[in-house]
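Engineer: Take this structure first; my questions come after.
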Amino acid sequence: MEKKISLREAVTLYLLITVSPTIMASTNYAAQQANQAAWLTPLVAVLPGLFLVWVMNRLFQKYPSSSFDEMLYDICGVCVGKIILVLYGIWFLVLSAVYLRFYAERIQSSLLTETGIDVLLIVMFVLIWFSLRKGLKTVSGFADLTLPVILFLLAFLVVFALPKIRIKELYPVTYLDAVPVLKGGLAPVSVTGYLICLLFLGNKIKNKSQMKKQGTIGILLLAGISVLIIGISIGTCGVSVTKRSPIPFFLAVKQIQILGILERFEPILIGVWIISDFLLLFLFIYCFLDISKSVCNLQSSRILVLPLLLLLLPLTKIIASSRFELELFTKNVVGAVGMVFKYIIPAGVILLGKMRKKC
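Residue numbers for the sequence shown follow the working numbering, so the first one is 2 and each next one is one higher.
Below is the structure:
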């Protein structure tokens, strides 16, 4: 039987998987919607995030030793529960393909320009395959050790980027920015919603009674990190550049200089988002395998690992023929559909559970 992880380790894993989407997607989208007030958009995600914490806390209280599939079977019935799980499985599969493609595109464009995308994908596949064999406990331990390092590195980049900030790019902010900020907040809300992944790890997490406290800390810490990343991107690069750039925080980091001598700190940022991408992909694929095990009534999901990785390779090419199409697909399809899986279905499950006096 696989060793359980602590709730703190689970929240740590959640925080690390959100770093890459925040750097990659939230900043650009928030700037397009809210202009100079974009740095306030992560605050919009706090309330939905706390709502999700409340939903998960209620489910964990009622089902302290169950996984999400067992909760669904009890609340919705086996048939409906399996349909919901199949939909979640498809969602995790598509998310894995999308983020695999983004990972390869970013590394190729920023670091290994002469390396083919297939090579970068295979490297990540090998890492994930090896990690799946080691198990969730090993990967969460790695995340637990990595979080302080990544927070220190992000703090380092933030501190030395501060002198480059032009305050006029962040102001003025008035009541007229309220609606644009709410619109721009959709991206941070989407990223915050990845907390739902922990629900699928329910039977593998210890001390879930602390979900309210640990989950709240995670949500607030993510909001703070996001405010800094978006604020520095806009303050350093300007609103117009931030809107057009796919990774504006990368441009902000490129401008960092220490004593006019030390520069080129981009490899630090690249290292941070590679770790975040790896953990994010591991967690998505782990959830997909766990769902497949439940739906197909398998004793173990290990036999699915290799076929899944072989399926993901062509799927990353099918979803989009170019980076532009990939960004469009993510914005118009993945983001909108994701809201259903991250917020609406869990809310519906808890509502149905209350009606049936299960929660």
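Virtual Cβ for every residue (Gly too), placed ideally from N, Cα, C.
Among VAL45, TYR100, LYS63, which has the Cα closest to the Cα of VAL20?
Structural biologist: In the sequence shown, the residue the question calls residue 20 occupies position 19. When only C-alpha atoms are compared, the closest one is TYR100.
Engineer: Measuring alpha carbon to alpha carbon, tell me which of LYS169, GLY349, ILE286, ASN333 ends up nearest LEU312.
Structural biologist: The residue labelled residue 312 in the question sits at position 311 within the sequence shown. Of LYS169, GLY349, ILE286, ASN333, the residue nearest in Cα terms is ILE286.
Engineer: Hey, which unbroken runs of the alpha helix (DSSP H) at 4 residues or more fall wholly within the region 291 to 338?
Structural biologist: Fully enclosed alpha helix (DSSP H) runs of 4 or longer: 306 to 319, 324 to 330.
Engineer: Report the option in LEU41, MET25, ARG59 whose CA atom is closest to the CA atom of ILE347.
Structural biologist: One-based indexing of the sequence shown puts residue 347 at position 346. For the record, residue 347 in the displayed sequence is Pro; it is not Ile. When only C-alpha atoms are compared, the closest one is ARG59.
Engineer: For a test of the three-state rule: what should DSSP assign to ILE257, helix, strand or coil?
Structural biologist: Along the sequence shown, one-based indexing puts residue 257 at 256. ILE257: coil per DSSP, three-state reduction.
Engineer: Can you tell which of ILE230, GLY117, LEU187, MET72 has its C-alpha closest to the C-alpha of CYS360?
Structural biologist: Translated into the one-based positions of the sequence shown, residue 360 becomes position 359. With distances taken between Cα atoms, CYS360 lies closest to MET72.
Engineer: What are the residues that DSSP puts in a beta bridge with ILE6?
Structural biologist: For the purposes of this step, residue 6 is taken as the residue at position 5 of the sequence shown. Paired residue(s): ILE206.
Engineer: Could you check what DSSP says for LEU112 in three-state terms: helix, strand or coil?
Structural biologist: Within the sequence shown, numbered from 1, the residue matching residue 112 stands at position 111. Looking at LEU112 - three-state DSSP - the assignment turns out to be coil, as it is neither helix nor strand.
Engineer: Determine the DSSP secondary structure at ARG265, reduced to helix, strand or coil.
Structural biologist: Numbered from its first residue, the sequence shown carries residue 265 at position 264. Of the three classes helix, strand and coil, the one that applies to ARG265 here is coil, per DSSP.
Engineer: Quick one: is ASN298 buried, meaning 16 or more other Cβ sit within 10 Å of its Cβ, or exposed?
Structural biologist: In the sequence shown, counting from the first residue as 1, residue 298 sits at position 297. Exposed, because fewer than 16 other Cβ atoms sit within 10 Å of the Cβ of ASN298.
Engineer: By Cβ distance below 6 Å, which residues in the same chain neighbour LEU112 in space, the five residues on each side in sequence not counted?
Structural biologist: Indexing the sequence shown from 1 puts residue 112 at position 111. Excluding positions up to five away in sequence, the list reads ILE271.
Engineer: With DSSP as the reference, label PRO361 as helix, strand or coil.
Structural biologist: Given that the chain is displayed from residue 2 to residue 360, the structure contains no residue 361 and the question cannot be resolved.
Engineer: Cβ atoms of ILE6 and ALA138: under 8 Å apart, would you say?
Structural biologist: As a working mapping, residue 138 is identified with position 137 in the sequence shown. As a working mapping, residue 6 is identified with position 5 in the sequence shown. Correcting the residue type first, residue 138 is Lys in the shown sequence and not Ala. Yes, these two residues count as a Cβ contact at 8 Å.
Engineer: In the structure shown, what three-state DSSP assignment does ARG1 receive?
Structural biologist: Residue 1 cannot be examined here, being either before or after the span of the chain that is shown, 2 to 360.
Engineer: Can you check the region 10 to 52 for any alpha helix (DSSP H) of at least 4 residues that lies completely inside it and give the ranges in chain order?
Structural biologist: Entirely contained in the region 10 to 52, the alpha helix (DSSP H) runs reaching 4 residues are, in chain order, 28 to 35.
Engineer: Fully enclosed by the region 88 to 152, which alpha helix (DSSP H) runs are 4 residues long or longer?
Structural biologist: Complete alpha helix (DSSP H) runs here, min 4: 118 to 135.
Engineer: What is the DSSP secondary structure of CYS80, counted as helix, strand or coil?
Structural biologist: Indexing the sequence shown from 1 puts residue 80 at position 79. Helix, per DSSP.
Engineer: Counting along the chain, where does the alpha helix (DSSP H) carrying PRO347 start and finish?
Structural biologist: Locating residue 347 in the sequence shown gives position 346, where the first residue counts as 1. Here the alpha helix (DSSP H) through PRO347 covers 346 to 356.
Engineer: From this set, TYR344, MET25, ALA32, THR243, which residue's C-alpha is nearest CYS198's C-alpha?
Structural biologist: The residue given as residue 198 occupies position 197 in the sequence shown. It is TYR344 whose Cα lies nearest to the Cα of CYS198.
Engineer: Compare the Cα-Cα distances from ARG92 to each of ASP278, PHE289, TRP40 and report the closest residue.
Structural biologist: Along the sequence shown, read from residue 1 onward, the residue named residue 92 stands at position 91. First, the amino acid is wrong: residue 92 is Trp here, not Arg. Per the Cα distances, PHE289.
Engineer: Since ILE233 contacts ALA188 with CB under 8 Å, what's their CB separation in whole angstroms?
Structural biologist: The residue given as residue 233 occupies position 232 in the sequence shown. The residue given as residue 188 occupies position 187 in the sequence shown. With a Cβ gap of about 17 Å, ILE233 and ALA188 do not count as contacting.
Engineer: Secondary structure at ARG421, three-state DSSP: helix, strand or coil?
Structural biologist: Beyond the ends of the chain as shown, which are 2 and 360, falls residue 421; an answer cannot be given.
Engineer: Quick one: give me the first and last residue of the alpha helix (DSSP H) that PRO181 is part of.
Structural biologist: By 1-based counting over the sequence shown, the position of residue 181 is 180. Its alpha helix (DSSP H) spans residues 179 to 185.
Engineer: Three or more C-beta pairs closer than 8 Å, one from the region 50 to 70 and one from the region 171 to 180: is that the case here?
Structural biologist: Flag = no, the region 50 to 70 and the region 171 to 180 do not touch.
Engineer: With VAL174 as the anchor, note down where its alpha helix (DSSP H) starts and where it stops.
Structural biologist: Looking up residue 174 in the sequence shown gives position 173. No alpha helix (DSSP H) holds VAL174; DSSP gives it neither H nor E.
Engineer: Is it right to say ASN333 is buried, meaning 16 or more other beta carbons lie within 10 angstroms of its own, or is it exposed?
Structural biologist: The sequence position of residue 333 within the sequence shown is 332, counting from 1. Exposed, because fewer than 16 other Cβ atoms sit within 10 Å of the Cβ of ASN333.
Engineer: Count the C-beta pairs between the region 27 to 34 and the region 236 to 250 that are closer than 8 Å, then say yes if the count reaches three, no if not.
Structural biologist: Yes, since at least three Cβ pairs between the region 27 to 34 and the region 236 to 250 fall closer than 8 Å, the two stretches touch.
Engineer: Is DSSP giving LYS213 helix, strand or coil here?
Structural biologist: As a first step, residue 213 must be located in the sequence shown, where it is residue number 212. Helix.
Engineer: Using only alpha-carbon positions, find the residue among GLN62, SER132, VAL150, PHE103 that is nearest to LEU121.
Structural biologist: Taking the sequence shown and counting its residues from 1, the one referred to as residue 121 is at position 120. Of GLN62, SER132, VAL150, PHE103, the residue nearest in Cα terms is PHE103.
Engineer: Taking only the alpha-carbon atoms, compute the straight-line gap between LEU309 and LEU133 and give it to the nearest angstrom.
Structural biologist: Along the sequence shown, read from residue 1 onward, the residue named residue 309 stands at position 308. Along the sequence shown, read from residue 1 onward, the residue named residue 133 stands at position 132. For LEU309 and LEU133, the distance between alpha carbons rounds to 12 Å.
Engineer: How long is the line joining the alpha carbons of LYS205 and GLY349, rounded to whole angstroms?
Structural biologist: In the sequence shown, counting from the first residue as 1, residue 205 sits at position 204. In the sequence shown, counting from the first residue as 1, residue 349 sits at position 348. Cα to Cα, LYS205 sits roughly 24 Å from GLY349.
Engineer: Near VAL56, which residues of its chain fall below 6 Å by C-beta distance, leaving aside the five closest residues on each side in sequence?
Structural biologist: Walking along the sequence shown from the start, residue 56 turns up at place 55. Within the same chain, VAL56 has close Cβ partners PRO347, ILE351.
Engineer: With a threshold of 16 other CB atoms inside 10 Å of the CB of LEU17, please say whether the residue is buried or exposed.
Structural biologist: For the purposes of this step, residue 17 is taken as the residue at position 16 of the sequence shown. Under this definition LEU17 is a buried residue.
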